[in-house]
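Working notes for the structure below.
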Amino acid sequence: MRVGVRGERWDGGEGWDDGPLSRWERVSDGVRAYRMIAAMWIRSTMAYRASFVMTTLGNFVATCLDFLAIVLMFSQIERLGGYSLPEVAFLYGLSAVAFGIADLVVGSMDRLGRRVRDGTLDTLLVRPAPVLAQVAADRFALRRLGRITQGLLVLTYALLSLDGVQWTTAKVLLMPVMVVSGGAIFCAVFVGGAAFQFVARDASEVQNAFTYGGTTLLQYPPGLFAQDLVRGVTFVLPLAFVNWLPALYVLGRPYPLDLPEWVAFLPPLVAAGCCALAGLAWRAGLRSYRSTGS
Amino acid sequence: MGSGRLYAAVAAGGFRRYATYRTATLAGMFTNTVFGVILAYTYIALWDERPHLGGYDQSQALTYVWLGQALLMTMCVMGTGFEDELIERIRTGDIAIDLYRPADLQLWWLAQDMGRALFHLLGRGLIPVAVGAWLFDLTLPSSPVTWLAFLVAVALGMLVSYSFRFLVALTAFWLLDGAGIIQMAWLAGVFCSGMVLPLNVFPGLLGEVVRALPWAALIQAPADILLGEADPLGTFAFQAGWAVALLAVGRLLQAVATRRVVVQGG
């Protein structure tokens, strides 16, 4: 119980020598803690070098096989839902890179439920570093670069083989914005999912439906799916802003749900909103945490 | 007789162990269902484009999607079965205690894993298929004989799945850290079992190869029997052949490992 109260302080609840300066200090504190913990895990991984090489390669190949499945589909057909292989590859690459970034940065957060269950979260609460940074950096896995690399390769292939795209300055600028915002949206999903695990504990798998399920969904054109599903991932859990809407703008394809054209430029705003909400959810979750006592 | 009762008790323990986590089971069912829905829509688009692809009609393809989601955990296609635990025991040296026990290592874990697989079949399999049948138009057979043949194929698939993962776990005697090999097994499992795409859709030589590999026994074989696309006896023979071969290699590797590898710890 006491520990829980202390943990709030470290994560920066209200009423703790507040002020604009300390807020920034807390952020830089968090980043520093994150860097140190991540560096420690990298060193630890390198102790088993053969395993590291195999897992990084495995991560890369796993995502390659994922894309190979789409290539195999296209070995039997010309177009899927009206989209050519380069167009699907474009969606796939954007979804994979955005998700890969989030997976690298905060992918370990789905282990939070386990920490709540076995009581090891208490250790993190008494350390002088923000809990969010500690949980996010926990078991930091450099092998996840494999997924980002593969996503970038597919994206490169898509950009080289897409023809008929009229590139404008806006479209070129939209590309990096889309990837970064998409990564931030997925980060928010991870953090929100972790916050949910304070309540749900054993239900960590639910998170996979939105993270891994989300990135799989976004690899395919929105036209394939039922309208209600598309509505859900646009207005409820705004995954459509990761790649669907901005990518369709770049490709010059019609939007789902008759959305106006300017929504393609919303990803940064949506990402900021998602991160704010995820932060609030995380605070609420952490505040509600009561140790198992074991 | 006595040892039969022992392994039955271990199997029952395996079943109960997984049955304890009800929230986790519900969460897993939810995730299987979400993935089922996403895959089902992509398959609809694929079969709209090419009806009768791989010899399935659209409804059969959708049935395949949901069977895959139902059998995913049962067959441990993506790992996280007993092998993680066995590898950890080898790494920490606890395996020395296991080898002292008056029970055979391979049979002990086999019994445990069969209990787990049965629970996952019931706990993680039935509801997603029911949801799939409610949302989409599935082809499920009415003949009880077909269902019975399907269950036999599922049981044989479990055996192949176990015997392969036992081999994976034993590599820890040499590699110590199992993360890399587990991931390789996971990769092969996801791709070659037909989780991403039915194996009969794989083109040319690649198709011939994946259909002959042991992973074809996990999901493709039971699914083809349920969909009435395969001759049951030939399928059983294929599955049993792989099970026997892999179990035999496992036995051999177990003998080598326990004789020649120095157990660490202390």
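Protein chains in written order, with our numbering: chain A, 4 to 297; chain B, 1165 to 1430.
Cβ atoms here follow ideal geometry from the backbone N, Cα and C, with glycine treated the same way.
DSSP, read as helix, strand or coil, puts Leu-1361(B) in coil.
Straight across, the Cα-Cα distance linking Trp-1311(B) with Ala-1173(B) is about 27 Å.
For the C-beta of Arg-1214(B), the chain A residues within less than 7 Å are, from N- to C-terminus, Gln-79 and Ile-80.
If you draw a straight line from the Cα of Ile-1291(B) to the Cα of Ala-50(A), it comes to about 43 Å. Note that the C-beta distance between Phe-1337(B) and Ala-1421(B) is below 8 Å. Excluding sequence positions up to five before and after Phe-55(A), its CB lies within less than 7 Å of the CB of Thr-48, Met-49 and Arg-146, all in the same chain and listed in chain order. Secondary structure note for His-1284(B): its alpha helix (DSSP H) is the uninterrupted segment 1269-1284.
With fewer than 16 other beta carbons inside 10 angstroms of its own, Val-1373(B) counts as exposed. Around the C-beta of Thr-1189(B), 16 or more other C-beta atoms lie within 10 Å, and the residue is accordingly described as buried. Taking a C-beta cut-off of 8 Å against chain B, the contacting residues of the region 39-52 of chain A are Tyr-51, listed in chain order. Relative to Ala-275(A), the option among Phe-70(A), Glu-264(A) and Val-180(A) whose CA is nearest is Val-180(A). Shown in chain order are the members of the region 58-78 of chain A whose Cβ falls below 8 Å from a Cβ of chain B: Thr-58, Gly-61, Asn-62, Val-64, Ala-65, Leu-68, Asp-69, Leu-71, Ala-72, Leu-75, Met-76 and Ser-78. Distance from the CA atom of Asp-1395(B) to the CA atom of Leu-1363(B), rounded to whole angstroms, is 16 Å. Looking at the DSSP output, Tyr-86(A) shares a beta bridge with Leu-83(A).
Inter-segment contact for the region 1269-1280 of chain B and the region 1232-1250 of chain B is present: three or more beta-carbon pairs are separated by less than 8 Å.
With contacts defined by Cβ atoms closer than 8 Å, Ala-279(A) and Gly-195(A) do not form a contacting pair. Ranked by Cα distance from Ile-1208(B), the options Arg-35(A), Val-157(A), Leu-176(A) and Leu-227(A) are led by Leu-227(A). Note on geometry: alpha-carbon atoms of Asn-211(A) and Ala-229(A) lie some 21 Å from one another. In terms of Cα proximity to Ala-1275(B), the closest of Pro-1378(B), Phe-1179(B) and Asp-1388(B) is Phe-1179(B). Proximity of Val-119(A) to chain B, defined by a Cβ-Cβ separation below 8 Å, is not satisfied. Closest in alpha carbon position to Val-168(A), among Asp-121(A), Asp-205(A) and Phe-93(A), is Phe-93(A).
For Met-1242(B), the three-state secondary structure derived from DSSP is coil. CA-CA distance, Gly-1257(B) to Ser-207(A), rounds to 30 Å. For Ile-1383(B) against Gly-1358(B), the beta-carbon gap comes to about 5 Å, under 8 Å, which counts as contact. Pairing Leu-260(A) with Arg-234(A) gives a Cβ-Cβ distance under 8 Å. The C-beta distance from Asp-141(A) to Ser-294(A) rounds to 17 Å, too long to fall under 8 Å, and the pair is not in contact.
What Asp-205(A) touches in chain B, judged by beta-carbon distance under 9 Å, is Tyr-1185, Arg-1186, Thr-1187, Ala-1188, Thr-1189, Leu-1190 and Ala-1191, going in chain order. In summary, Ser-111(A) is buried, with 16 or more beta-carbon neighbours lying within 10 Å of its beta-carbon over all protein chains present. The C-beta distance from Pro-1215(B) to Ser-78(A) rounds to 17 Å, too long to meet the 8 Å contact threshold.
Under the 8 Å criterion on CB atoms, Val-209(A) is classed as interfacial with respect to chain B. Between Arg-150(A) and Gly-96(A), the gap from beta carbon to beta carbon reaches 8 Å or more. Chain-order list of chain B residues neighbouring Leu-227(A): Tyr-1205, Thr-1206 and Ala-1209, by C-beta distance under 7 Å.
For Thr-1195(B), the enclosing alpha helix (DSSP H) stretches over residues 1186-1213.
Lys-174(A) and Trp-247(A) have their C-alpha atoms roughly 14 Å apart. Going by DSSP, Phe-244(A) is part of no alpha helix (DSSP H) at all; its letter is neither H nor E. The Cβ atoms of Phe-1400(B) and Val-1332(B) lie no closer than 8 Å to each other.
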